[in-house]
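Asker: Protein chains in written order, with our numbering: chain A, 1 to 164; chain B, 1001 to 1181.
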Amino acid sequence: MAQTPQPNTPAPEFTLPDGNKKQVNLKDFRGKNVVLAFYPADWSPVCTNELAIIQETIEDIRGQNAEILAISVDNVWSHKAWAQQQHISFPLLSDFWPHGEVARKYGVFLEEHGISNRALFFIDGSGALRSSWVAENPAVAPGINIIFDALEEIQGASKEVRRA
Amino acid sequence: MRDDRMQRTPITDADWCMIDPNAPVTLLEYGDFECPYCAMAAPVLEGIVDENPDAIRLIYRHFPVTTVHPRSLIAAEAAEAAGAQGKFWEMHNALFANQPNFEIDSLRVMANGIGLEMRRFDREMEAHVHLPEVRQDFRRGVTDGVNGTPTIFINRVRYDGPRERGAILSAIAALAGAREV
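1. Taking 9 angstroms as the threshold (beta carbon to beta carbon), is residue 142 of chain A in contact with chain B?
2. Threshold first: 3 residues or longer. Then list the beta strand (DSSP E) segments lying entirely within the region 18-52 of chain A, N to C.
3. Less than 9 angstroms between the beta carbons of residue 38 of chain A and residue 26 of chain A, yes or no?
4. Based on the DSSP secondary-structure assignment, which residues constitute the bridge partners of residue 134 of chain A?
5. Can you tell me whether DSSP reads residue 97 of chain A as helix, strand or coil?
6. Measuring alpha carbon to alpha carbon, tell me which of A:124, A:113, A:144 ends up nearest residue 156 of chain A.
7. Given that residue 4 of chain A touches chain B, what residues does it touch there, using C-beta distances under 7 angstroms?
8. Could you tell me the alpha carbon to alpha carbon distance between residue 1134 of chain B and residue 90 of chain A, rounded to whole angstroms?
9. Output the distance between the C-alpha atoms of residue 63 of chain A and residue 1050 of chain B, rounded to the nearest integer angstrom.
10. By Cβ distance below 8 angstroms, which residues in the same chain neighbour residue 1181 of chain B in space, the five residues on each side in sequence not counted?
11. Anything in chain B within Cβ reach of residue 52 of chain A, meaning under 8 angstroms, just list it in chain order.
12. Check whether chain A comes within 9 angstroms of residue 1142 of chain B, counting only Cβ atoms and requiring the distance to be less than that.
13. What do you reckon, are the CB atoms on residue 1040 of chain B and residue 1163 of chain B nearer than 9 angstroms?
14. With 9 angstroms as the threshold, decide whether the Cβ of residue 1210 of chain B is near any Cβ in chain A.
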């Protein structure tokens, strides 16, 4: 697998359509922290569990000046139907074509399966990648604490800078 | 970086504990009464504890995922209301057995069936007296790193393996062995 981008370097840019075919550009979120959540597949049990818990805590995530963008290689129609069924209110981005291009940029495309690994990337308001988590086993979802730990670290560090 | 698979919150006397509170092995489950996987895991976990009453205790905390399970929150409140009358586990079992029929009338039938004092049950449910306890469990689940329902910790380490008797017992044995070394 390709290397994941290094912390404290600019996060790879991308534009992808969401379930409503709206083009979403990473640059649009400057000034906010961004959590990129790569996951293998809409409709699968582990992904359903993972994204349901993110949805359940979305207000707390947004409370950390953050937005979450979930990315898989599913097409926009699948994203739309799955988001409706699961009541998902954050964007699901379609890395369908060129297939898995953004997952490749982030070094988490699983070539042998044609899907993305499960991974989280934490990007600060300046567009710098701050930290990441990549699954050892794509069948195991990350603990929701990983998202809050990373966002608190980014928020804490930005407070330090403001104080300095 | 902290180990994200370690349970961070302590078990307290206020936690719901099945069998011996002093058992050396603790299974902590974060569950959602409307979740079918939790209903499947319940008899497996109870069986493990029943077979090893001196060695293994089970702690249950609420983790209602209401966006996909809209009745899970009221079910958790009902379990707490039963707990306030000393019948948490009876309600826990009734809820999993009757999933997902958690309209208030169904919850009242379950409450009556396990012998709760109904005026108190109704009053507490109507006033959402037990909502703070449920919310507190959920927050502890976020801190501990829940990654699905159910999430199980064995002696503070998250267990991500199959929720089957043999696999869980092997994981317990491996942890016990690691401690002795």
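For every residue, glycine included, the Cβ atom is placed at its ideal position computed from N, Cα and C.
Answerer: This is what the structure holds:
1. Interface annotation, residue 142 of chain A: in contact with chain B, CB-CB separation under 9 angstroms.
2. Counting only runs of 3 or more, we get 23-25, 33-38.
3. The criterion of a C-beta distance shorter than 9 angstroms is not satisfied by residue 38 of chain A and residue 26 of chain A.
4. Answer is A:119, bridged to residue 134 of chain A.
5. Here residue 97 of chain A carries a coil assignment [DSSP, helix/strand/coil].
6. The alpha carbon of residue 156 of chain A has as its nearest neighbour, out of A:124, A:113, A:144, the alpha carbon of A:124.
7. Under the 7 angstroms cutoff, chain B gives no residues; its nearest Cβ is about 15 angstroms from residue 4 of chain A.
8. Rounded to whole angstroms, residue 1134 of chain B to residue 90 of chain A spans 25 angstroms at the Cα level.
9. Straight-line measurement puts the Cα of residue 1050 of chain B at about 43 angstroms from the Cα of residue 63 of chain A.
10. Note that residue 1181 of chain B scores 37 on pLDDT, short of 50, meaning its location in the model is unreliable; the coordinates nonetheless yield the value given after this. Same-chain partners within the cutoff: there are none.
11. Against chain B, the beta carbon of residue 52 of chain A has neighbours under 8 angstroms at 1065, 1067, 1068, listed in chain order.
12. Answer yes: the Cβ-Cβ gap between residue 1142 of chain B and chain A drops below 9 angstroms somewhere.
13. For the 9 angstroms CB-CB criterion, residue 1040 of chain B and residue 1163 of chain B form a contact.
14. The requested residue 1210 of chain B does not occur in the structure, where chain B is confined to residues 1001 to 1181.
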